[in-house]
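Participant: Quick one: the structure is below, and I'll ask about it shortly.
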Amino acid sequence: MCRYNPAEIEEKWQKIWSEQGIFKADESDKRQKFYQLEMFPYPSGRIHMGHVRNYSIGDAIARYKWLKGYNVLHPIGFDAFGMPAENAAIAHKTHPAKWTYENIDYMIKELKRLGFSYDWDRLIATCDPEYYKWEQKVFIEMFKKGMVYRKKSSVNYCNTCKTVLANEQVEDGKCWRCGSEVVQRELDEWFFKITDYADQLLDDMKLIEDGWPHKVLVQQTNWIGKSKGAFVKFKIKGRDEYLEVFTTRPDTLFGVTFASIAPNHPKLLELVPNNHKEKVEEFVDEYKRAERDFSKEKEGIFTGVYLINPVNNEEVPLFAANFVLLEYGTGVVMAVPAHDQRDFEFAEKYNLPKQLVIYKEGMSNSADDLEEAYTDEGVLVNSAQFDGMENEKAKWKIVEWLQAEGMARQTYQYKLRDWNVSRQRYWGAPIPVVYCEKCGIVPEKEENLPVRLPENVQITGEGGSPLARVEKFVETTCPICGAKAKRETDTFDTFVESSWYFFRYCSPKYSDNIFDKTSADYWMDVDQYVGGIEHAVMHLLYARYFTKVLRDLGYVDSDEPFKRLLTQGMVIKDGAKMSKSKGNVVDPDDIINNYGADTARLFILFAAPPEKDLEWSDEGAEGSYRFLNRLWRLVVSHKGLKAGLVQAETDREKELSYMINRTIKKVSEDFNSYHFNTAIAACMEFVNFMQNFYPKDEKEKSLFAYGLEQLLIVLNPIAPHITDELWQILGHKDIVEKQSWPEYDEKALIKDVVTIAATVNGKLRDTINVKTDASQDEVLSEALKSSKVQKYTNSKEIKKVIFVKNKLINIVAV
RNA sequence: GCCGGGGUGGCGGAAUAGGUAGACGCAAGGGACUUAAAAUCCCUUGGUGCUGUGCACCGUGCGGGUUCGAUUCCCGCUCCCGGCACCA
Numbered sequence: 158m159c160r161y162n163p164a165e166i167e168e169k170w171q172k173i174w175s176e177q178g179i180f181k182a183d184e185s186d187k188r189q190k191f192y193q194l195e196m197f198p199y200p201s202g203r204i205h206m207g208h209v210r211n212y213s214i215g216d217a218i219a220r221y222k223w224l225k226g227y228n229v230l231h232p233i234g235f236d237a238f239g240m241p242a243e244n245a246a247i248a249h250k251t252h253p254a255k256w257t258y259e260n261i262d263y264m265i266k267e268l269k270r271l272g273f274s275y276d277w278d279r280l281i282a283t284c285d286p287e288y289y290k291w292e293q294k295v296f297i298e299m300f301k302k303g304m305v306y307r308k309k310s311s312v313n314y315c316n317t318c319k320t321v322l323a324n325e326q327v328e329d330g331k332c333w334r335c336g337s338e339v340v341q342r343e344l345d346e347w348f349f350k351i352t353d354y355a356d357q358l359l360d361d362m363k364l365i366e367d368g369w370p371h372k373v374l375v376q377q378t379n380w381i382g383k384s385k386g387a388f389v390k391f392k393i394k395g396r397d398e399y400l401e402v403f404t405t406r407p408d409t410l411f412g413v414t415f416a417s418i419a420p421n422h423p424k425l426l427e428l429v430p431n432n433h434k435e436k437v438e439e440f441v442d443e444y445k446r447a448e449r450d451f452s453k454e455k456e457g458i459f460t461g462v463y464l465i466n467p468v469n470n471e472e473v474p475l476f477a478a479n480f481v482l483l484e485y486g487t488g489v490v491m492a493v494p495a496h497d498q499r500d501f502e503f504a505e506k507y508n509l510p511k512q513l514v515i516y517k518e519g520m521s522n523s524a525d526d527l528e529e530a531y532t533d534e535g536v537l538v539n540s541a542q543f544d545g546m547e548n549e550k551a552k553w554k555i556v557e558w559l560q561a562e563g564m565a566r567q568t569y570q571y572k573l574r575d576w577n578v579s580r581q582r583y584w585g586a587p588i589p590v591v592y593c594e595k596c597g598i599v600p601e602k603e604e605n606l607p608v609r610l611p612e613n614v615q616i617t618g619e620g621g622s623p624l625a626r627v628e629k630f631v632e633t634t635c636p637i638c639g640a641k642a643k644r645e646t647d648t649f650d651t652f653v654e655s656s657w658y659f660f661r662y663c664s665p666k667y668s669d670n671i672f673d674k675t676s677a678d679y680w681m682d683v684d685q686y687v688g689g690i691e692h693a694v695m696h697l698l699y700a701r702y703f704t705k706v707l708r709d710l711g712y713v714d715s716d717e718p719f720k721r722l723l724t725q726g727m728v729i730k731d732g733a734k735m736s737k738s739k740g741n742v743v744d745p746d747d748i749i750n751n752y753g754a755d756t757a758r759l760f761i762l763f764a765a766p767p768e769k770d771l772e773w774s775d776e777g778a779e780g781s782y783r784f785l786n787r788l789w790r791l792v793v794s795h796k797g798l799k800a801g802l803v804q805a806e807t808d809r810e811k812e813l814s815y816m817i818n819r820t821i822k823k824v825s826e827d828f829n830s831y832h833f834n835t836a837i838a839a840c841m842e843f844v845n846f847m848q849n850f851y852p853k854d855e856k857e858k859s860l861f862a863y864g865l866e867q868l869l870i871v872l873n874p875i876a877p878h879i880t881d882e883l884w885q886i887l888g889h890k891d892i893v894e895k896q897s898w899p900e901y902d903e904k905a906l907i908k909d910v911v912t913i914a915a916t917v918n919g920k921l922r923d924t925i926n927v928k929t930d931a932s933q934d935e936v937l938s939e940a941l942k943s944s945k946v947q948k949y950t951n952s953k954e955i956k957k958v959i960f961v962k963n964k965l966i967n968i969v970a971v
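Each residue of the first sequence is one higher than the one before, counting from 158 in our numbering.
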């Protein structure tokens with residue numbers, strides 16, 4: 158008997174799949190389409206376990222859909238631009254392109270060794286000019302429609318990566334990629350107006366809420382951070398000018414005792430009277446010098462300016478305060494120390510008065526008795542005609558009242574900022590604009606696209622954008638007037654490329670436009686997207702936004718790119734994420750060499766449900782390998798049998814038939830809900846059963862062989878190589894991938910006899926075997942025959958009997 | 001602080017329109033085969049107790065509640081993980 162030799166058979170079947178082209182997606186196919194997508198990898202050098210998990214999940218789904226009769230698109234590519242390529246270029250004195258393409262070649266080999274069902278003809282790499290050309294084209298169209306703009310702004314800057322970061326890329330005040338401290342810098346930058354889409358990004362969540370993890374939608378909602386409030390005008394004392402504040406609590410306007418302004422507010426120094434100038438300037442300088450430290454104590458300084466509260470004409474002092482953000486609202490806030498904790502702390506520190514305006518029964522009616530701000534509900538007090546009104550109601554009544562005077566209006570504010578897409582790096586897609594002294598900012602002509610990255614560039618990591626030093630690149634002519642002009646030297650944030658790659662897969666070689674609309678209309682939306690949770694508010698928000706942009710530019714009809722999303726958990730080892738520094742990395746290559754790809758895939762799908770973190774265990778992988786060996790021996794030892802679906806008559810036949818159908822049912826249900834771990838468990842149970850069955854006569858043998866065949870089909874999406882090999886060993890000329898997913902026979906699942914629980918007062922006392930669908934009376938009399946039941950019912954009165962057919966009988970005895 | 005998700009054997013994890021808790025796997029222990037080892041196969045394995053091979057009690061983070069019956073539903077608490085964080 159031949160032994161299971163994964164190395165040999167895996168190579169063999171990968172070659173056969175490739176030769177037969179069975180995973181090529183074809184639009185002319187009449188079957189229903191299914192677009193299965195996994196987040197494409199960054200070509201860092203090698204595949205890691207996180208990739209294996211991501212792609213094993215995606216592949217199981219894709220292969221399942223093939224077997225279910227769908228026309229599947231399952232593509233792969235590389236998110237190939239980015240900083241590690243430049244860093245590697247500096248470290249190894251090579252070129253980012255060379256490094257990147259070598260990595261891509263190696264990683265393709267690794268992916269192929271894992272046997273994934275990709276349509277390799279659709280491979281894309283985002284650093285290919287034939288790819289980024291289209292991004293440049295769309296950018297120009299966005300520019301013309303006013304969807305992008307350039308402005309000087311204070312931006313997040315990473316000194317290690319020497320480039321700007323978008324808000325989404327700053328984590329805990331640190332760079333998302335390298336972890337160094339992020340500082341603020343003033344630079345001219347390009348922005349995508351994603352804020353114009355804030356409401357759509359929120360509202361359209363209802364289109365995807367059934368298919369996306371709740372958690373991701375909540376994270377995006379919080380990130381967009383919409384809040385309802387009002388702008389309120391405060392007159393500046395002694396001037397015919399106003400400062401506007403944003404507040405979500407207009408109900409507390411009568412409690413305003415001072416106001417605060419952001420130290421970097423552009424109007425601040427202009428307003429400050431001379432006798433306060435020196436001190437305020439000092440404070441502002443100190444603020445600007447300091448790193449932004451969020452745990453810092455609240456500090457401020459009186460500006461010498463008074464504002465007039467529009468609700469009662471009271472004068473309140475204006476403070477410059479370090480906790481006021483210029484970027485949110487208007488950069489000026491009204492302060493209500495009695496009902497806002499920050500204002501409370503500030504007032505305590507600088508000994509400012511507090512006025513109570515929201516009152517709840519039981520509390521003191523003096524703000525001086527408060528130990529912290531009262532932020533809950535209540536009724537208004539000390540608020541003139543609004544006294545006694547519930548504060549939620551008073552909010553908008555007060556705004557209405559002020560609005561009549563032109564002093565307030567209802568509004569919404571968002572935490573979401575426009576997307577800064579400029580990066581001062583070489584290895585990215587050039588932003589296709591030209592600066593002309595006469596014509597200003599001019600987009601490159603479409604026929605001149607792509608604006609190619611120059612190849613002969615020295616990457617040193619020093620002195621700003623490398624492109625700025627390439628004269629041949631920078632020096633150009635104005636697309637409008639033809640005069641000498643300079644090119645933009647910033648490149649796009651690489652998240653721009655990953656915001657539309659799934660469209661490009663629909664027609665990856667299309668050369669007339671970003672994609673062929675017919676193909677995109679056919680394949681989009683992505684039916685199932687699989688990737689890491691870490692992209693909840695970066696890639697996944699950008700991709701949703703960019704899809705809406707493409708829609709508004711007339712390229713597509715869809716509002717949302719990904720119908721369903723599955724976020725898989727991390728692969729951890731010894732309780733921590735695998736990393737070189739911790740020395741707990743398991744290299745997929747080693748696992749494939751030792752056990753084969755099927756074992757790696759099986760284990761990773763078996764060890765945990767997809768969304769949960771998965772603890773890698775060498776012993777566990779070994780166990781999965783043992784299972785495949787058991788499967789191998791089971792099938793090989795019965796290879797002469799001829800499969801046939803026979804009518805089960807004897808008890809043994811019925812039991813066999815029951816197990817076959819039960820397994821098909823369970824695995825089918827689990828595949829539909831992506832519970833691969835329990836699907837595999839069901840297959841294991843079935844193998845255990847089959848190992849101990851030993852078919853005797855011809856009928857049993859054909860049914861047995863039929864069961865083995867069904868098992869191979871349902872296991873194929875998880876362990877494709879071994880199932881194809883065993884399928885062939887059973888005498889088939891074709892391959893499992895050409896079969897149909899099995900249907901189960903509901904009738905075979907009905908047993909003649911069922912075991913039901915006999916409980917007394919809810920406690921299990923015995924289990925009894927009765928005819929299927931036996932009546933309550935029959936079951937009760939059978940249960941009362943049990944001595945174990947009698948023990949608890951004798952000498953007691955039976956008050957009540959609860960009966961669940963084929964499941965349980967409960968006797969209530971007192 | 002706010003928002004979201006969780007707490008089940010030694011471990012990874014099963015089972016919730018309320019109905020036999022611990023499927024499947026790992027680890028551990030015992031046995032068979034073998035000159036031996038590996039591989040394979042079989043058995044045991046939530047805890048405690050007892051007059052030990054059967055029976056009792058306890059048991060799904062903690063405390064209550066609803067119910068004939070709660071891992072599942074409700075209330076309160078606690079701990080862990082993730083996200084956001086001076087957002088007015």
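Quick reminder that beta carbons are idealized off the backbone N, C-alpha and C, glycines included.
1) Consult DSSP for S952 and reduce its assignment to one of helix, strand or coil.
2) Pick out the complete beta strand (DSSP E) segments inside the segment 446 to 489, 3 residues or longer, and give them in chain order.
3) In chain order, which alpha helix (DSSP H) runs of at least 4 residues are fully inside the segment 725 to 756?
4) What's the C-alpha gap between K181 and D276?
5) Looking only at its chain, what residues have a beta carbon closer than 7 Å to the beta carbon of E705, apart from the 5 residues adjacent to it on each side?
6) Taking a contact to mean a Cβ-Cβ separation below 7 Å, would you say I892 touches D881 in this structure?
7) Roughly how many angstroms separate the alpha carbons of V844 and E366, rounded to a whole number?
8) What distance in whole Å lies between the Cβ atoms of L813 and A805, which are believed to be in contact at a cut-off of 8 Å?
9) Alpha carbons only, please: which of R708, M727, K666, C663 is nearest the one belonging to V687?
10) Based on DSSP bridge pairs, tell me the residues matched to A625.
11) Taking only three categories from DSSP, how would you classify A416?
12) Between the Cα of F201 and the Cα atoms of I179, M240, Q341, V683, which residue gives the shortest distance?
13) Count the other CB atoms, across all protein chains shown, that sit within 10 Å of the CB of G336; report buried if there are 16 or more and exposed otherwise.
14) Rounded to whole angstroms, what is the Cα-Cα separation between H692 and T460?
15) Which residues in the same chain have their Cβ closer than 7 Å to the Cβ of C315, if we skip the five residues on either side of it in sequence?
16) Starting from the C-beta of W291, find all residues in its chain whose C-beta is less than 6 Å away, skip the five residues before and the five after it, and write them out in chain order.
17) Which residues does DSSP pair with A387 in a beta bridge?
18) What do you reckon, are the CB atoms on L559 and A551 nearer than 7 Å?
19) Let me make sure I understand the geometry here. Which of N244, E894, K796 has the alpha-carbon closest to that of S859?
20) Measuring CA to CA, which of E454, F411, Y463 is closest to L425?
21) With a cut-off of 8 Å on the beta carbons, I'd call P665 and I281 a contact; round off their distance for me.
22) Using the three-state DSSP reduction, which class does C840 fall into: helix, strand or coil?
23) Can you look up F210 in the DSSP assignment and give me helix, strand or coil?
24) Return the bridge partner residues of D345 from the DSSP annotation.
25) Skipping 5 residues on each side, what residues in its chain have a beta carbon closer than 7 Å to that of C318?
26) If you draw a straight line from the alpha carbon of V578 to that of E604, how long is it in whole angstroms?
27) Can you tell which of A778, I761, V429 has the C-alpha that lies nearest to the C-alpha of G395?
28) In chain order, what residues of the same chain lie with their CB nearer than 8 Å to the CB of I821, ignoring the 5 residues before and after it?
29) T651 and L509 - do their beta-carbons sit closer together than 7 Å?
30) Measure the alpha-carbon distance for L759 versus P407 and round it to whole angstroms.
31) Is Y569 buried or exposed, if buried means 16 or more other CB atoms sit within 10 Å of its CB?
32) From which residue to which residue does the alpha helix (DSSP H) around Y289 run?
33) Can you round the beta-carbon distance between N548 and V536 to whole angstroms, since I take them to be within the 8 Å contact cut?
34) If contacts are defined as beta-carbon pairs under 8 Å, then W347 and V305 qualify, I think. What distance do you get, rounded to the angstrom?
35) Assuming the contact rule is C-beta atoms closer than 8 Å, C638 and K595 should be a hit. Round their C-beta distance to whole Å, please.
36) Is the beta carbon of N967 sitting closer than 7 Å to the one on T916?
Facilitator: Let me lay it out:
1) coil
2) 457 to 465, 472 to 478
3) 745 to 752
4) 5 Å
5) Sequence check: residue 705 is Lys here, not Glu. Counting only Cβ-Cβ distances below 7 Å, and skipping sequence neighbours, we find Y354, Q357, D716.
6) yes
7) 38 Å
8) 7 Å
9) M727
10) A625 is not bridged to any residue.
11) strand
12) The sequence given here has Ser at residue 201, not Phe. Nearest C-alpha to S201: M240.
13) exposed
14) 43 Å
15) L322, C332, C335, S337, V339
16) I671
17) T404, Q567
18) no
19) K796
20) Y463
21) 5 Å
22) helix
23) This sequence places Arg at residue 210; Phe is not what is there. Residue state, collapsed to three classes: helix.
24) K309
25) M240, C332, R334, C335
26) 23 Å
27) V429
28) Q867, V871, P899, E900, Y901
29) no
30) 59 Å
31) exposed
32) 286 to 301
33) 7 Å
34) 6 Å
35) 6 Å
36) yes
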